[in-house]
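2 protein chains.
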Amino acid sequence: MKKYFFTPGPSQLFPTISKHIKNAVNYNISSISHRGQQFKQIFKNTVDSLKKLLNIPDTYYVFFLSSATEAMERIIENCVEKYSFHFVNGAFSKKFFEIASDLKKEPFEYEVDYGKGFNFNAIAIPKKIELICFTHNETSTGVALNVNDIYKFKKLYPNKLIAVDIVSSVPYVDLNYSLVDIIFFSVQKGFGLPAGLGVLIISPQALEKSKYLANKNLNIGSHHSFIELVNYAQKNQTPETPNVFAIYLLEKVINDMLKIGINNIRKNTDIKAKLLYKFLDNNDGFKPFVEKKSVRSKTVITSEVKIGSQEIIKKLIRKGFIVGNGYGIYKDKHIRIANFPAHTIQSVKGLITQLSI
Amino acid sequence: MKKYFFTPGPSQLFPTISKHIKNAVNYNISSISHRGQQFKQIFKNTVDSLKKLLNIPDTYYVFFLSSATEAMERIIENCVEKYSFHFVNGAFSKKFFEIASDLKKEPFEYEVDYGKGFNFNAIAIPKKIELICFTHNETSTGVALNVNDIYKFKKLYPNKLIAVDIVSSVPYVDLNYSLVDIIFFSVQKGFGLPAGLGVLIISPQALEKSKYLANKNLNIGSHHSFIELVNYAQKNQTPETPNVFAIYLLEKVINDMLKIGINNIRKNTDIKAKLLYKFLDNNDGFKPFVEKKSVRSKTVITSEVKIGSQEIIKKLIRKGFIVGNGYGIYKDKHIRIANFPAHTIQSVKGLITQLSI
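Going line by line, the protein sequences match chains A and B. Numbering that gives the first Met the number 0 applies: residue 0 is where the first sequence begins, and numbers increase by one. Numbering that gives the first Met the number 0 applies: residue 0 is where the second sequence begins, and numbers increase by one.
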């Protein structure tokens, strides 16, 4: 039986992935040297294509890390001497805060109930804050922020850095990269790749902060400090032997997406989200966890299940549809449905049919 | 034309890899949840098989990181308050030292000329040193240490921790893990996997050191501190979404190696190394870089090339044989030939034939 993975990451692989994996094996991609010309070309093509797809400014740097979690750590190490500020409304925004704390910084957190957005107008950022951290799309609860709210902070606080986690909203989110400084994601969600690669994008201003901390003789990490990452990125290389296989696959999937067109991908995502929310809003057995429609995620759709989620998850598995548990304390109460580019309208309709039986 | 990668990493893939990759795709390994039962079983099987293959004590912990370079960073973060000691005879032992320095520790280095071993009897380790770092097999130059020399340090300094880099000698090196504390490698060399996974093995004593530093409120990192890694490893999980694909492949290749038998793998490595050194020692165009036979690596064979290495590297490529450049300043002077389990005796003989023309 064909399986459809609607889990919010790892998730359904992009439809072309198995072809690209086959080619990677045939072309010996995993045996080439990470210091040779062939790899450098793969690195450059991947960065160039990503910048084209997401409309990232030329002056921004793109780094390859191992996970979004690592990205959080490297951001704190390289951009925070002491004070970061975190908008927390779920497990992943909380994790970003906790990582800052683990690294012996003194982070601030502004926390609201999980499943809620923020009343940003009511919040003033203390003067000493160096970095403001947003989780654009909370994978744990399915709350998505309005990007315009994020931009306002850059205008209000031009000397502070802005970091945005787009782990589960990329490539859907139409972000104006020039209005933020640090952006990161992993590839096993919206790009439909196997897990094991994180992507970190930084502005020249973020790099300057890293250099400032280094000049003060502070610990900004070793091989994955922004300074080391830039040194190698300028040669189209990484400091260590990277996950060449995944970088190759990412290049190929981005090029597939460029052919489809980012606008079509976004339009399709909207259509599928509308179908799912319409069903959940109108079916007595379900209730979208995020009540306020303006902050409902289009890419991770979370619903309460009246009879509890475990029974329906098991029932769906028998039909070949795999959806996510609720996160943490919501494990047995919620289902989470990923709505990524790899998910076709047809498979979403198939899922809805099964949910409604 | 079939290609034979004798580069010292990334290198030739293990012969069964393409079959395992195909299965990974067919079984949706890259879509399964890293918090689910299926992944936990893969994690457990991989750790159990690795312990069996390498004879690692039950009480030791096995962690999955992204690279050996990351392993160096995590070891310094978790085992060194201030003072580490590094035996340096090439680029990778040097890197370990530099990482300690980057992390604002005060590392000591004992450096000899590249291509040489150490006169260990002449070296006393200062009292304040917390961690002694050995690079068992210097990938940059092809020097291999005698493991008995390493064990002596544990006997002389039982309260210091001993770290051993076996990046390019695993699984060949027959190490008594119970006489050292921290061991690490990456999978794109002796295991013949695609790059993007590092493996770190630690003793209970190393974990204690990490806890001691944490209790002093020192920065031991965040998601990849030993404490976090152990918390998740005890649940057969990793703190972040890991490279599930690579962990799956590692399990499969280890099981293939268990079937072949580690003794056969080691015997074959010896046979191939003997063939290569015999040729290089007896051919006027070549001269093994490591003069002293007792410290010549069996797994990374480095040779000076009288007429320079670039011409012969190009000639070999035309015949389908890819060997490594010299490292760093030796780029145009040396060739480096990997001798890993993926390299058959027949392909080594084929390489020698081409070298001798």
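Each residue gets a CB set at the ideal place from its N, CA and C atoms; glycine is no exception.
Just the chain B side, please: which residues come within less than 9 angstroms of residue i by C-beta, in chain order?
{"i": "Pro241/A", "result": "Ser65, Ser66, Ala194 and Gly195"}
{"i": "Ile98/A", "result": "Ser221 and His222"}
{"i": "Gln309/A", "result": "Result: empty, since nearest Cβ-Cβ is about 13 angstroms, beyond 9 angstroms."}
Based on Cα-Cα distance, which residue from the options lies nearest to residue i?
{"i": "Ile253/B", "options": "Val46/B, Ile128/B and Phe38/B", "result": "Val46/B"}
{"i": "Asn214/A", "options": "Asn88/B, Pro56/B and Asp101/B", "result": "Asp101/B"}
{"i": "Ser302/B", "options": "Gly220/B, Tyr247/B, Glu310/B and Ile336/B", "result": "Ile336/B"}
{"i": "Lys286/B", "options": "Ile306/B, His342/B, Ile270/B and Lys297/B", "result": "Ile306/B"}
{"i": "Ala123/B", "options": "Val146/B, Lys297/B and Glu108/B", "result": "Glu108/B"}
{"i": "Ser308/B", "options": "Phe152/B, Gly323/B and Ile300/B", "result": "Gly323/B"}
{"i": "Glu129/A", "options": "Lys81/A, Leu350/A, His223/A and Asn25/A", "result": "Lys81/A"}
{"i": "Phe133/B", "options": "Tyr326/B, Phe84/B and Ile246/B", "result": "Phe84/B"}
{"i": "Gly197/A", "options": "Lys277/A, Asn235/A and Val61/A", "result": "Val61/A"}
{"i": "Leu53/B", "options": "Gln187/B, Val111/B and Val172/B", "result": "Val172/B"}
{"i": "Ile75/A", "options": "Ile201/A, Gly349/A, Lys234/A and Phe339/A", "result": "Ile201/A"}
{"i": "Leu248/A", "options": "Ser29/A, Lys2/A, Leu212/A and Gly8/A", "result": "Ser29/A"}
{"i": "Ile182/A", "options": "Asn242/A, Lys2/A and Ala70/A", "result": "Ala70/A"}
{"i": "Asn242/A", "options": "Ile41/A, Thr6/A and Gln11/A", "result": "Ile41/A"}
{"i": "Thr68/B", "options": "Lys94/B, Asp112/B and Pro203/B", "result": "Lys94/B"}
{"i": "Ser293/A", "options": "Val79/A, Gly141/A, Lys39/A and Ile16/A", "result": "Gly141/A"}
Could you give the first and the last residue of the continuous alpha helix (DSSP H) run that contains residue i?
{"i": "Ala245/A", "result": "Val243 to Ile259"}
{"i": "Asp47/B", "result": "Gln36 to Leu53"}
{"i": "Leu174/B", "result": "Counting along the chain, Leu174/B falls outside any alpha helix (DSSP H), and DSSP gives it neither H nor E."}
{"i": "Ile219/A", "result": "Counting along the chain, Ile219/A falls outside any alpha helix (DSSP H), and DSSP gives it neither H nor E."}
{"i": "Ser32/A", "result": "Per DSSP, Ser32/A belongs to no alpha helix (DSSP H) and is neither H nor E."}
{"i": "Phe225/B", "result": "Phe225 to Ala232"}
Name the chain A residues whose beta carbon is nearer than 9 angstroms to that of residue i?
{"i": "Lys103/B", "result": "Asn216, Leu217 and Asn218"}
{"i": "Leu12/B", "result": "Val24, Asn27, Ser29 and Ser30"}
{"i": "Ile122/B", "result": "Result: empty, since nearest Cβ-Cβ is about 25 angstroms, beyond 9 angstroms."}
{"i": "Glu72/B", "result": "Gly220, Ser221, His222 and His223"}
Could you check where the beta strand (DSSP E) with residue i kicks off and where it finishes?
{"i": "Thr301/A", "result": "Val299 to Val304"}
{"i": "Phe361/A", "result": "No answer is possible for residue 361/A: the residues shown for chain A start at 0 and end at 356."}
{"i": "Ile161/B", "result": "Leu160 to Asp164"}
May I ask you to report which of helix, strand or coil DSSP gives residue i?
{"i": "Ser209/B", "result": "helix"}
{"i": "Ser365/A", "result": "The structure shown has nothing for residue 365/A, since chain A only spans 0 to 356."}
{"i": "Val61/B", "result": "strand"}
{"i": "Leu196/B", "result": "coil"}
{"i": "Arg265/B", "result": "helix"}
{"i": "Gly327/B", "result": "helix"}
{"i": "Ala341/A", "result": "coil"}
{"i": "Val179/A", "result": "coil"}
{"i": "Ser185/A", "result": "strand"}
{"i": "Leu274/B", "result": "helix"}
{"i": "Val169/B", "result": "coil"}
{"i": "Ile316/A", "result": "helix"}
{"i": "Ile356/A", "result": "coil"}
Residue i touches chain B at which residues, Cβ-Cβ below 8 angstroms?
{"i": "Ile20/A", "result": "Ile20 and Val24"}
{"i": "Thr396/A", "result": "Residue numbering for chain A in the displayed model covers 0 to 356; residue 396/A lies beyond these limits and cannot be assessed."}
{"i": "Pro9/A", "result": "Ser29, Ser30, Ile31, Ser32, His33, Thr240 and Val243"}
{"i": "Ser17/A", "result": "Val24"}
List, in order along the chain, the chain B residues whose C-beta lies closer than 7 angstroms to that of residue i?
{"i": "Ala245/A", "result": "Gly195"}
{"i": "Gln187/A", "result": "Thr240"}
Just the chain A side, please: which residues come within less than 8 angstroms of residue i by C-beta, in chain order?
{"i": "Pro238/B", "result": "Thr68"}
Anything in chain A within Cβ reach of residue i, meaning under 7 angstroms, just list it in chain order.
{"i": "Lys2/B", "result": "Asn27"}
Starting from the N-terminal side, write out each stretch of the alpha helix (DSSP H) that is 4 residues or longer and does not extend beyond the region 68-155 of chain B. Here the runs fully enclosed are 90-101 and 146-155.
Which whole runs of the alpha helix (DSSP H) in the region 0-27 of chain A are 4 residues long or more, in chain order? Segments of the alpha helix (DSSP H) lying fully in the region 0-27 of chain A: 16-25.
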